[in-house]
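Engineer: I have a structure I would like to understand better, so I am pasting it below and will then ask my questions one at a time.
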Amino acid sequence: MSHIDSFQHEIVGFFAGLPVYHPLEDINGDFKCTPKHLLIGGGNGEHPALVLKNPLAAVAWFIEDSLEELDKTTIIRSEWENIIDPYLIYDSKNILAYYDWRIETYQEFAERCKSASLPNPHSTSECHLEAWLILGFGEFIYYAMPDLGDEIMSKLKKPYELFKHMRYNNIMLIPPNIPVYANQGNAFSSSHRSQISN
1 MSHIDSFQHE IVGFFAGLPV YHPLEDINGD FKCTPKHLLI GGGNGEHPAL VLKNPLAAVA
61 WFIEDSLEEL DKTTIIRSEW ENIIDPYLIY DSKNILAYYD WRIETYQEFA ERCKSASLPN
121 PHSTSECHLE AWLILGFGEF IYYAMPDLGD EIMSKLKKPY ELFKHMRYNN IMLIPPNIPV
181 YANQGNAFSS SHRSQISN
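Residue numbers (my numbering): 1 to 198.
Structure (structure tokens):
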């Protein structure tokens, strides 16, 4: 049993083979987080926890990084820049928290992030690992869990119509009906859109 199993939580998916959890209550033990956070790993008894403690900053980073790709309308870009500006924190220590990580843990995690098994693996030529991780979390929240970034998301006009490409997309969701160990189950319910032709 891992530390997170002592608390109400749901599984969001898998990142580089590690579970991504959403706590459903405050956790103050091997690691600290609240229902406003996401984390990779469940702590003692599992992989050491990495907590995204500032989802709003991650969403702001993702939007800032994507502004060049967005609609060329400078009005939209300047509006979005004004919306995200209060949330842009550039110190990753205020966005990510590592609990019980050792040098070996970090090295192994970095190797996982470069794996070709990821749809969009980390490349050291692109950006630093932590920046890549924050941008990926930001993209995931933007598209899949906008309630974690609601202070930003609620202010954006047509947030999904302007994007044409995905860039990170490395948190793999679990299909419905597959048993999961999280005590509150799968965070997402989904269904297959079948094409029925007459």
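Every residue gets a Cβ at the ideal spot worked out from N, C-alpha and C, and that includes glycine.
Under a Cβ-count criterion, where at least 16 other Cβ atoms within 10 Å of its own Cβ denotes burial, should Asn-198 be classed as buried or exposed?
Structural biologist: Walking along the sequence shown from the start, residue 198 turns up at place 198. Bear in mind that the predicted position of Asn-198 carries a pLDDT of just 44, short of 50, making it unreliable; the figure below should be weighed with that in mind. Under this definition Asn-198 is an exposed residue.
Engineer: Assuming His-9 contacts Ala-182 (C-beta within less than 8 angstroms), just tell me the rounded distance between them.
Structural biologist: Taking the first residue of the sequence shown as position 1, residue 9 is located at position 9. Taking the first residue of the sequence shown as position 1, residue 182 is located at position 182. Contact flag correct, Cβ pair sits at about 6 angstroms.
Engineer: If we count the other Cβ atoms within 10 Å of its Cβ and call it buried at 16 or more, is Pro-179 buried or exposed?
Structural biologist: The residue given as residue 179 occupies position 179 in the sequence shown. Burial call: exposed.
Engineer: Which same chain residues, not among the five before or five after Asp-147, have their C-beta less than 7 angstroms away from its C-beta?
Structural biologist: For the purposes of this step, residue 147 is identified with residue 147 of the sequence shown, where counting begins at 1. Cβ neighbours of Asp-147 beyond the five flanking positions: none.
Engineer: Output the distance between the C-alpha atoms of Ala-116 and Gln-184, rounded to the nearest integer angstrom.
Structural biologist: As a first step, residue 116 must be located in the sequence shown, where it is residue number 116. As a first step, residue 184 must be located in the sequence shown, where it is residue number 184. About 31 angstroms.
Engineer: Put Phe-137 into one of helix, strand or coil per three-state DSSP.
Structural biologist: To locate residue 137, count along the sequence shown from 1; it is residue 137. If DSSP states are grouped into helix, strand and coil, Phe-137 belongs with the helices.
Engineer: What three-state label does DSSP hand Pro-179 in the structure shown?
Structural biologist: For the purposes of this step, residue 179 is taken as the residue at position 179 of the sequence shown. If DSSP states are grouped into helix, strand and coil, Pro-179 belongs with coil.
Engineer: Give the DSSP-derived three-state secondary structure of Cys-113 in the structure shown.
Structural biologist: Working through the sequence shown from its first residue, we reach residue 113 at position 113. Of the three classes helix, strand and coil, the one that applies to Cys-113 here is helix, per DSSP.
Engineer: Let me check one thing: in DSSP terms, what residues is Ile-171 bridge-paired to?
Structural biologist: Within the sequence shown, numbered from 1, the residue matching residue 171 stands at position 171. Its beta-bridge partners are Phe-15.
Engineer: Please list the terminal residues of the continuous alpha helix (DSSP H) segment that includes Ile-63.
Structural biologist: Position 63 of the sequence shown holds residue 63. First-last of the alpha helix (DSSP H) with Ile-63: 55-66.
Engineer: Within 10 Å of its beta-carbon, does Pro-175 have 16 or more other beta-carbons around it, so buried, or fewer, so exposed?
Structural biologist: As a first step, residue 175 must be located in the sequence shown, where it is residue number 175. Burial call: exposed.
Engineer: Would you kindly work out how many angstroms separate the C-alpha atoms of Ala-57 and Leu-88, rounded to a whole number?
Structural biologist: Translated into the one-based positions of the sequence shown, residue 57 becomes position 57. Translated into the one-based positions of the sequence shown, residue 88 becomes position 88. Each residue's alpha carbon lies about 6 angstroms from the other.
Engineer: Going by DSSP in three states, Asn-186 sits in which element: helix, strand or coil?
Structural biologist: Counted from its first residue, the sequence shown places residue 186 at position 186. Asn-186 falls in the strand class under three-state DSSP.
Engineer: Tell me the DSSP secondary structure of Ile-95 in three-state form.
Structural biologist: Taking the first residue of the sequence shown as position 1, residue 95 is located at position 95. The answer is coil: DSSP assigns Ile-95 none of H, G, I, E or B.
Engineer: Does DSSP classify Pro-86 as helix, strand or coil?
Structural biologist: Here residue 86 refers to the residue found at position 86 of the sequence shown. In the structure shown, Pro-86 sits in a helix (DSSP, three-state: H, G or I).
Engineer: Can you tell which of Glu-111, Leu-118, Val-59 has its C-alpha closest to the C-alpha of Ile-95?
Structural biologist: Translated into positions along the sequence shown, residue 95 becomes position 95. Residue Val-59 is the option with its Cα nearest to Ile-95.
Engineer: Do three or more CB pairs link the segment 156-172 to the segment 106-120 at distances below 8 angstroms?
Structural biologist: Yes: the two stretches touch, three or more of their Cβ pairs being nearer than 8 angstroms.
Engineer: Do the CB positions of Ile-27 and Thr-34 come within less than 9 angstroms of each other?
Structural biologist: Position 27 of the sequence shown holds residue 27. Position 34 of the sequence shown holds residue 34. A contact, by the Cβ cut-off of 9 angstroms.
Engineer: By how many angstroms is the C-alpha of Lys-32 removed from the C-alpha of Lys-155?
Structural biologist: Residue 155 sits at position 155 when you count from the first residue of the sequence shown. Residue 32 sits at position 32 when you count from the first residue of the sequence shown. When rounded, the distance between both Cα atoms is 29 angstroms.
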